[in-house]
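Following: one structure in structure tokens, then a few remarks.
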């Protein structure tokens, strides 16, 4: 029954991670909780995540979505590294979204890296939630 | 045919230990889809080797931290270790915060450690419905032990004992008076009792209370010859975990020597089958032919015409009748 994965009732697994040296986790925790309340299964890995740790978690947990929360301003160096690591473990099929203080000027470049959406400060939580629901990938297995 | 080849490939890749395949198959068995079921059948001859260790106890007892230390200890012994960490799903939203992995992140570069978080998805007993199926996947992929960390839900610790071969009951000191330790059922299923945060002063008292309980507790079910040892561990002091592994291995050896291993495996098989029968029966009730009958029975109960017990008997009889007709 392929339908159990693709249908309305399927559970969306979301990794919420804070890459780099950013020590503020309240936003990420609020997001994790909101996602849980929206019915997602949230793997929250917390602070100080390296690109390798994020990729490893995305791989083993087979998440549908990777949510990166970053307030430190290091997104331009961290995000490409994260996307590279996701690619290296075969998880560039995940929906990657980013939130935090990412300047508007950087957003086009960030999107070019393969990140599907950037949710700046003040974005209503339901915007991110709806985006994830609408865009979480349906995944097939290849031989 | 393409479908068949694909299914076989997934299980073949799992046997090879390929993490991408392991992760995908874990998702499929969690969702209980056709490909997952078929792959699981393929994996049966390749599984049955891993020792399943259950880790349970009340929330805040230090289970995840302990599991992380167990990973360390087993890795030092050369084992490939898998962990299934289960957290509860919200009964209202269906969502879950899976927050155990956060304690086990240091192994991200070690291909011999696989950590998977599962939401209970409203299954009971602190488990997820397909926990054993997930453990089978990891078993076939070559991980041994497979550690299953479950939600400590109070009385429900009993369920993990129906799944694991060695169950650790984990408690932290200072979390309520020692009367808590007398909770019937929960204490009896611990093959090894662990007192975490042993660096705290109340740890000795808790350990003592648990040891006393061993002499008090008796039941017809308790296998002769195994007294659950009490082990104190402290992550901060990096102490006690090697002792804990020694006790786990001692229990494992005892299971084999005493014949209890076969007894438990049989009980696990029976429990799994019973759960599936229940599930399949209820699925029949939601089939178009079944739903009408089920709803009709509910109506009869609402009208106080029959009891639920009678309703169940009638339903089963009617299902038999339907099958006979079809």
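Protein chains in written order, with this note's numbering: chain A, 1 to 143; chain B, 1 to 326. A virtual CB, placed ideally from N, CA and C, is assigned to each residue, including glycine.
Evaluate contact between the region 45-63 of chain B and the region 107-122 of chain B, counting only Cβ atoms and requiring at least three cross-stretch pairs below 8 Å. When C-beta atoms of the region 45-63 of chain B are compared with those of the region 107-122 of chain B, fewer than three pairs fall below 8 Å, so the two segments do not count as touching.
Under the assumption that residue 245(B) contacts residue 105(B) (Cβ atoms under 8 Å), give the Cβ distance between them as a whole number of angstroms. As a first step, residue 245(B) must be located in the second chain, where it is residue number 245. As a first step, residue 105(B) must be located in the second chain, where it is residue number 105. In this structure residue 245(B) is not in contact with residue 105(B), their Cβ atoms being roughly 21 Å apart against a cut-off of 8 Å.
Measure the Cβ-Cβ separation of residue 58(A) and residue 86(A) and say whether it is below 8 Å. Locating residue 58(A) in the first chain gives position 58, counting from the first residue. Locating residue 86(A) in the first chain gives position 86, counting from the first residue. Yes, the Cβ-Cβ distance between residue 58(A) and residue 86(A) is below 8 Å.
Return the CA-CA distance between residue 41(A) and residue 127(B), expressed in angstroms with no decimal places. In the first chain, counting from the first residue as 1, residue 41(A) sits at position 41. In the second chain, counting from the first residue as 1, residue 127(B) sits at position 127. Taking the straight line joining both Cα atoms gives about 15 Å.
In the structure shown, what three-state DSSP assignment does residue 90(B) receive? Looking up residue 90(B) in the second chain gives position 90. In the structure shown, the three-state DSSP call for residue 90(B) is coil.
Taking 7 Å as the limit between beta carbons, can you name the residues of its chain near residue 144(B), skipping five residues before and five after? Reading the second chain from its first residue, position 144 is the one you call residue 144(B). So the qualifying residues of the chain are 49, 50, 51, 79, 80.
Would a C-beta distance cut-off of 8 Å place residue 99(A) and residue 119(A) closer than the cut-off? Looking up residue 99(A) in the first chain gives position 99. Looking up residue 119(A) in the first chain gives position 119. Between residue 99(A) and residue 119(A), the CB-CB gap stays under 8 Å.
Does the CB of residue 65(A) have a neighbour CB from chain B at under 8 Å? The residue you call residue 65(A) lines up with position 65 of the first chain. It does not; no Cβ of chain B falls within 8 Å.
So, for residue 138(B): in the same chain, excluding its five sequence neighbours on each side, which residues have a beta-carbon less than 6 Å away from its beta-carbon? As a first step, residue 138(B) is located in the second chain; it is residue number 138 there, counting from the start. Answer for residue 138(B): 82, 146, listed in chain order.
Quick one: what's got a C-beta closer than 6 Å to residue 356(B)'s C-beta in the same chain, skipping five residues either side? Chain B is shown only over 1 to 326; residue 356(B) falls outside these bounds and no answer can be derived.
Suppose you measure from the CA of residue 80(A) to the CA of residue 137(A); what does that come to, to the nearest Å? In the first chain, residue 80(A) corresponds to position 80, counting from 1. In the first chain, residue 137(A) corresponds to position 137, counting from 1. Rounded to the nearest whole angstrom, the C-alpha separation of residue 80(A) and residue 137(A) is 21 Å.
Would residue 114(B) count as contacting chain A if we go by Cβ distances under 8 Å? The residue you call residue 114(B) lines up with position 114 of the second chain. With 8 Å as the cut-off, residue 114(B) counts as an interface residue toward chain A.
On the DSSP letters alone, give me the boundaries of the alpha helix (DSSP H) that residue 189(B) sits inside. For the purposes of this step, residue 189(B) is identified with residue 189 of the second chain, where counting begins at 1. The continuous stretches of alpha helix (DSSP H) do not include residue 189(B), and DSSP gives it neither H nor E.
Taking the alpha-carbon of residue 55(A) as reference, which of 83(A), 124(A), 73(A) has the nearest alpha-carbon? Taking the first chain and counting its residues from 1, one reaches residue 55(A) at position 55. Nearest of 83(A), 124(A), 73(A) to residue 55(A), Cα basis: 83(A).
Could you pull the DSSP bridge partners for residue 117(B) from this structure? For the purposes of this step, residue 117(B) is identified with residue 117 of the second chain, where counting begins at 1. 85(B).
What residues in the region 42-63 of chain A bring their beta carbon closer than 7 Å to a beta carbon of chain B? Listed by position, the residues of the region 42-63 of chain A near chain B (Cβ gap below 7 Å) are 42, 43, 44, 45, 46, 52, 53, 56, 57, 59, 60, 61, 62.
Stretch pair the region 22-36 of chain A + the region 62-72 of chain A: three plus CB contacts closer than 8 Å: Counting C-beta pairs closer than 8 Å gives three or more between the region 22-36 of chain A and the region 62-72 of chain A, which meets the contact rule.
Which of the three DSSP states, helix, strand or coil, is assigned to residue 232(B)? Here residue 232(B) is taken as the residue at index 232 of the second chain, counted from 1. The DSSP-derived three-state label of residue 232(B) is strand.
Would you kindly check if the distance between the Cβ of residue 78(A) and the Cβ of residue 51(A) is under 8 Å? Reading the first chain from its first residue, position 51 is the one you call residue 51(A). Reading the first chain from its first residue, position 78 is the one you call residue 78(A). Judged by beta-carbon spacing, residue 78(A) lies within the 8 Å limit of residue 51(A), meaning their Cβ atoms are closer than that value.
Alpha carbon of residue 117(A) to alpha carbon of residue 133(A), nearest angstrom: Your numbering for residue 117(A) matches position 117 in the first chain. Your numbering for residue 133(A) matches position 133 in the first chain. Straight-line spacing of the CA atoms in residue 117(A) and residue 133(A) works out to 13 Å.
As assigned by DSSP and simplified to three states, the class of residue 47(B): Residue 47(B) sits at position 47 when you count from the first residue of the second chain. It is coil, neither helix nor strand.
Take residue 44(A) and list the residues in its own chain whose beta-carbon comes closer than 7 Å to its own, dropping the five residues that flank it on each side. Along the first chain, read from residue 1 onward, the residue named residue 44(A) stands at position 44. Contacts found: 16, 32.
Is the CB of residue 81(A) under 8 Å away from at least one CB in chain B? The count along the first chain starts at 1 and reaches residue 81(A) at position 81. For residue 81(A), no Cβ of chain B is located within less than 8 Å of the residue's own Cβ.
In chain order, each alpha helix (DSSP H) run of at least 4 residues that lies wholly inside the region 253-298 of chain B: Qualifying alpha helix (DSSP H) stretches, in chain order: 260-286.
Show which residues of chain A have a CB atom less than 8 Å away from the CB atom of residue 93(B). Indexing the second chain from 1 puts residue 93(B) at position 93. Under the 8 Å cutoff, chain A gives 36, 37, 38, 39.
Is residue 127(B) close to chain A? Criterion is C-beta to C-beta, closer than 8 Å. Here residue 127(B) is taken as the residue at index 127 of the second chain, counted from 1. No, its Cβ sits nowhere closer than 8 Å to a Cβ of chain A.
What does DSSP give as the partner residue(s) for residue 69(A) in the beta ladder? The residue you call residue 69(A) lines up with position 69 of the first chain. Residue pairing for residue 69(A): DSSP places it in a beta bridge opposite 99(A).
What is the rounded straight-line gap between the Cα of residue 18(A) and the Cα of residue 271(B)? Residue numbering aside, residue 18(A) sits at position 18 when the first chain is read from its first letter. Residue numbering aside, residue 271(B) sits at position 271 when the second chain is read from its first letter. C-alpha separation (whole angstroms): 41 Å.
Below 8 Å on C-beta distance, what does residue 206(B) contact in chain A? The residue labelled residue 206(B) in the question sits at position 206 within the second chain. Ordered by position in chain A, no residue passes the 8 Å Cβ test against residue 206(B), which lies about 29 Å from the chain.
Can you tell which of 64(B), 97(B), 212(B) has the C-alpha that lies nearest to the C-alpha of residue 149(B)? Mapped onto the second chain, residue 149(B) falls at position 149. Comparing Cα-Cα distances from residue 149(B) to each of 64(B), 97(B), 212(B), the minimum goes to 64(B).
Sequence-distant residues of the same chain with beta carbon closer than 7 Å to residue 142(B), five excluded per side: In the second chain, residue 142(B) corresponds to position 142, counting from 1. Around residue 142(B): 17, 80.
Residues bridged to residue 44(A) (per DSSP): Here residue 44(A) is taken as the residue at index 44 of the first chain, counted from 1. Answer by DSSP bridge pairing, in chain order: 16(A).
Given residue 92(B) as reference, the closest of 38(A), 12(A), 49(A), 27(A) once Cα atoms are compared: Counted from its first residue, the second chain places residue 92(B) at position 92. Ranking the options by Cα distance to residue 92(B), first place goes to 38(A).
Assuming contact is defined by CB atoms lying nearer than 8 Å, are residue 29(B) and residue 75(B) in contact in what I supplied? As a working note, residue 29(B) is residue 29 in the second chain. As a working note, residue 75(B) is residue 75 in the second chain. No; because the gap between Cβ atoms is not below 8 Å, this pair is not in contact.
At the level of alpha carbons, what is the spacing between residue 223(B) and residue 255(B)? Your numbering for residue 223(B) matches position 223 in the second chain. Your numbering for residue 255(B) matches position 255 in the second chain. Here the model assigns residue 223(B) a pLDDT of 49, short of 50, so the residue's position is not dependable and the matter cannot be decided.
Going by other Cβ atoms of all chains shown within 10 Å of its Cβ, with 16 needed for buried, is residue 237(B) buried or exposed? Translated into the one-based positions of the second chain, residue 237(B) becomes position 237. Classification of residue 237(B): exposed, given that the 10 Å Cβ count is below 16.
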